[in-house]
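Heads up: the structure comes next, in structure tokens.
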Amino acid sequence: MTDVTVAALADLVGGRLVGDGARVIVGLADLRTAGPDRIGFVRNVRYHASAATTLAGAVLSSAELSTPASQILVTDVDLAYAKIAQLFHPTPRARSHSIHASAVVDPAAELESPVAIGPHAVIGRCRIGAGTVVMAGVSIGDDTTIGRDCVFYPNAVVYGGATLGDRVILHAGAVVASDGFGYAREATSWIKVPQLGGVVLEDDVELGAATAVDRGTLGPTRIGARSKIDNLCHIAHNCVIGADTVMAAGCMIAGSTTVGERCVFAGQVGISGHLAIGDEVRLGGGTVVLKDIPNRGEYMGHPLMEKRQFLRLLRKLRGMVERPEAGAEGV
Amino acid sequence: MTDVTVAALADLVGGRLVGDGARVIVGLADLRTAGPDRIGFVRNVRYHASAATTLAGAVLSSAELSTPASQILVTDVDLAYAKIAQLFHPTPRARSHSIHASAVVDPAAELESPVAIGPHAVIGRCRIGAGTVVMAGVSIGDDTTIGRDCVFYPNAVVYGGATLGDRVILHAGAVVASDGFGYAREATSWIKVPQLGGVVLEDDVELGAATAVDRGTLGPTRIGARSKIDNLCHIAHNCVIGADTVMAAGCMIAGSTTVGERCVFAGQVGISGHLAIGDEVRLGGGTVVLKDIPNRGEYMGHPLMEKRQFLRLLRKLRGMVERPEAGAEGV
Amino acid sequence: MTDVTVAALADLVGGRLVGDGARVIVGLADLRTAGPDRIGFVRNVRYHASAATTLAGAVLSSAELSTPASQILVTDVDLAYAKIAQLFHPTPRARSHSIHASAVVDPAAELESPVAIGPHAVIGRCRIGAGTVVMAGVSIGDDTTIGRDCVFYPNAVVYGGATLGDRVILHAGAVVASDGFGYAREATSWIKVPQLGGVVLEDDVELGAATAVDRGTLGPTRIGARSKIDNLCHIAHNCVIGADTVMAAGCMIAGSTTVGERCVFAGQVGISGHLAIGDEVRLGGGTVVLKDIPNRGEYMGHPLMEKRQFLRLLRKLRGMVERPEAGAEGV
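Protein chains in written order, with this note's numbering: chain A, 9 to 339; chain B, 9 to 339; chain C, 9 to 339.
If you want it as structure tokens, here you go:
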């Protein structure tokens, strides 16, 4: 268990300390149930009452409160909370070298000590960096390079020919480097086009449960550093996704499309193939993108529009079917 | 093999017996191919001819037919069929205690006899109730509690910290308690917010293949008793889904949204985060929900409307592009 | 490694040879980096410059080029490329009989030599044809028949009662014959209807990562020969999909719907249950289908229309919210 003073926590998050900095904190808790060795947090005004009567040793908030607890004041509570929560609940990391007896590891695999390989994992002729945790039932193909401090949850699969950076997280059932969906037509039928490219997941990429990133046709499919892809997403062959982009669940990007940096897609967005989406594009849930989006901005809908405009369209469409009844009432 | 008289089947489903109740039935069959030890069923009038000439020992229907078979008459054929089918094809259940030699079971796991643990399953420091069947390649994390008579199909994954009731069914590749998609922004990048809550699946919940239910941020994500979630659905962190709700494939519910009881969602519905959907809300396929739905009813579309109204909108939209040509013809 | 003359490659693809046919080729490469034992290809005019200066031994293209390489001229470069790529990168196939020591194979399983069964695979009382490769962590249920030369990638799952033809490919996490989503209503609750039908995947079907095909209620769910289903698709119980049909990622077909032959669906298409879609129907991304489509053609949208018409509707809808501002400018 991690234990740390309130003063050290204030330092960690660059916050201003109010009250006793020497108190020792061992974890997070709800302000209403917390004991003196816990830190709670106040995100909005409706928790002020809890702060006033809490037994917690410390409170994290954006403004000074009336509370018996020591206080850490920050401008961004969410960010400070994330950092403190990571301190007490760090991402899993291999600290001693362990390969479960039931794991099947290719003799030519290069495992940089320490790594932790779980039960029934199957490790091909690949390289895995120190600190990486490979959980139960994970399968990693040949000719794959995996960085340090990665975490692969149970039953994730990495086909051969993938390159993963440091601190990549794959959730359960995620699939990396499955064949791209490429066929050539012969008469009325389809001939499979071998998919020879791999996948590159740069540092700090996280893929959600059952998300699939297909291998490229010749070159790699690529996801930029620190991008986060939620559950049940699909990144098709030859896509290039920029750094710091996030996609919520169910987003599907068709083949050879490029997505910029710092984009934010809500759930179930679909983007056609061979398009270019610029940096800092935000897309609303269920948006269908059939053409390039060169400029940053907030877009939505089908037809794709600026969000503000699409919301106006939705109101107009509602009006189209509501008006008749209003008219009838007027008669 | 189960064998049972027609009279006992009529009792089971609360039906009225017509003809010989002593015939012994051992299973279901199509009326056209059934032998005298089988029961067939008639759901609609186009099967009446089959009933007249069937060799089946019994027929289940909602109205008396001209048939040589014994008859069981019920008001709801579908429900009676389900009960009879369950009798002959019960959900798998552990009847003797068996742990496959290749399974890896934490010595601290508490398994209430009888449970059946399949090949290559990995069982953490958890509790599993009697009757539960854990099939091949399933992974169950630490600090998880699983009820009685559950069935986990191959390669389903339950992360640590989940609580599952009795008779929960997880289909292949379903994922329970994967990390919620939570990040705090730092400059232009994203910092992972550790997801500390678990998941609660109440009694009789069923999750389809490759469906993911994320763990909560602090408290649990919860799915109410008897709710059924089809394949490839996503229930985000902190959602609370009421009892007796069904969602067809591809539904995605964003974070912290609550859904009421007895809702019915068709496929590919998307619901934004932090919304409240009431009881008995029915949503059509592909509906995008961006605001609360407090009242029961049947809704559809994007913009979301009452179904009747949205279908009217669809007709109007069709008219918008069909009319010009009609006009041209008129000229 | 495969080595073959340019003349033999020209024969393979039915192309016209220009230049030296005796050169030996061992693989594919990008024209800009290829050595003399490689073949490159030119799909469009912007690669003509690369052809002029390439060191490649051969070039595949649709028109005679200025190049030092031997040339193979074909009418369909994509198709010829696919065939040449398959020669150098064939689909995996078992050439010697091997069952990994950690695999669990039912003694009653009938494995036609040679098959390759990977680590931690679990094989029920089934039949598997020669040439089939079953990779790590795959689970195959009882009473299943699998043809020759199939490839099942890691952690794919086939429930019992399925019938797969020859050369079927299942990508990682694909699920075949999971229970259909069938419940009968009892009061306000739901009773599971046992799903007794199986699944038939005919010859040369390919299922993407995390795609699920549910078993039928009484008869089988069926996917026709040579049909290709991308990642994260859902084919519900009792569907019948025709031959040579392709569906991109995220398509979801509800129960008992039939889809014809040679259809092409873009991503995230949703089709309601109990519908009939004819042959050679093409559907745009995100299309929601609520009624039968009897005639071949290209359709799109919600409301569903002919593509040309729907694109016109999209323009009109854009106009509805753009015009007012234009008007304001005009004032």
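In this text, a Cβ means the ideal position worked out from N, Cα and C, and glycines have one as well.
Residue environment, residue i, which counts as buried when at least 16 other CB atoms sit within 10 Å
i, result
"Arg323 of chain C", "exposed"
"Ser186 of chain A", "buried"
"Thr219 of chain C", "buried"
"Glu214 of chain A", "buried"
"Asn303 of chain C", "exposed"
"Ser235 of chain B", "buried"
"Glu337 of chain B", "For Glu337 of chain B, the predicted model reports a pLDDT of 38, less than 50, meaning its position is unreliable; a value from the coordinates is still stated below. Result: exposed."
"Thr196 of chain C", "exposed"
"Glu194 of chain A", "exposed"
"Pro115 of chain C", "exposed"
"Arg316 of chain A", "exposed"
"Arg54 of chain B", "exposed"
"Ile177 of chain B", "buried"
"Ala57 of chain B", "exposed"
"Glu210 of chain C", "buried"
"Arg24 of chain A", "exposed"
Alpha-carbon to alpha-carbon, residue j and residue i
i, j, result
"Arg320 of chain A", "Gly292 of chain A", "14 Å"
"Lys299 of chain B", "Thr265 of chain B", "10 Å"
"Leu20 of chain C", "Gly250 of chain A", "40 Å"
"Asn52 of chain A", "Ala164 of chain C", "46 Å"
"Ala42 of chain A", "Asp11 of chain A", "15 Å"
"Ile92 of chain C", "Arg270 of chain C", "24 Å"
"Thr13 of chain B", "Arg31 of chain B", "5 Å"
"Arg40 of chain B", "Glu330 of chain A", "52 Å"
"Phe318 of chain B", "Val297 of chain C", "14 Å"
"Phe49 of chain C", "Ala90 of chain B", "58 Å"
"Gly181 of chain C", "Leu240 of chain A", "12 Å"
"Ala64 of chain A", "Ile33 of chain A", "9 Å"
"Asn221 of chain A", "Ala262 of chain B", "A quick correction: the sequence has Val, not Asn, at residue 221 of chain A. Between Val221 of chain A and Ala262 of chain B, the C-alpha separation is close to 22 Å."
"Val26 of chain A", "Val207 of chain B", "36 Å"
"Ala334 of chain B", "Gly139 of chain C", "Because Ala334 of chain B carries a pLDDT of 43, less than 50, the predicted location of this residue cannot be relied on, and the following value inherits that uncertainty. So the two alpha carbons sit approximately 60 Å from each other."
"Thr99 of chain B", "Met255 of chain B", "21 Å"
"Pro228 of chain A", "Glu288 of chain B", "47 Å"
"Gly327 of chain C", "Gly309 of chain B", "21 Å"
"Ala102 of chain A", "Gln79 of chain C", "54 Å"
"Gly294 of chain B", "Thr253 of chain A", "25 Å"
CB of residue i within 8 Å of CB of residue j, strictly
i, j, result
"Ala144 of chain B", "Val130 of chain C", "yes"
"Ser74 of chain A", "Val82 of chain A", "no"
"Ser121 of chain B", "Pro162 of chain A", "no"
"Ala124 of chain C", "Ser106 of chain C", "yes"
"Ala59 of chain A", "Val67 of chain A", "yes"
"Val112 of chain A", "Val141 of chain A", "no"
"Ile154 of chain B", "Gly168 of chain B", "no"
"Gln276 of chain B", "Gly278 of chain C", "yes"
"Phe273 of chain A", "Asp238 of chain C", "no"
"Gly268 of chain C", "Asn246 of chain C", "no"
"Gly29 of chain B", "Phe96 of chain B", "no"
Segment limits, alpha helix (DSSP H) that includes residue i
i, result
"Thr61 of chain A", "His56 to Thr61"
"Asp19 of chain B", "Val14 to Val21"
First and last residue of the uninterrupted beta strand (DSSP E) at residue i
i, result
"Val208 of chain C", "Val207 to Leu209"
"Arg46 of chain B", "Arg46 to Phe49"
"Arg24 of chain C", "Arg24 to Val26"
"Leu68 of chain A", "Ala66 to Ser69"
"Arg230 of chain B", "Thr229 to Ile231"
"Asp222 of chain A", "Ala220 to Asp222"
- Whole runs of the alpha helix (DSSP H) within the segment 261 to 328 of chain A, excluding any shorter than 4 residues: none
- Message: I'd like the ranges of any alpha helix (DSSP H) spanning at least 4 consecutive residues and lying wholly in the segment 72 to 116 of chain B.
- Response: 85 to 96
- Counting only runs that start and end within the segment 133 to 201 of chain B, where is the beta strand (DSSP E) found for 3 or more residues in a row? 170 to 172, 183 to 186, 191 to 194 and 197 to 200
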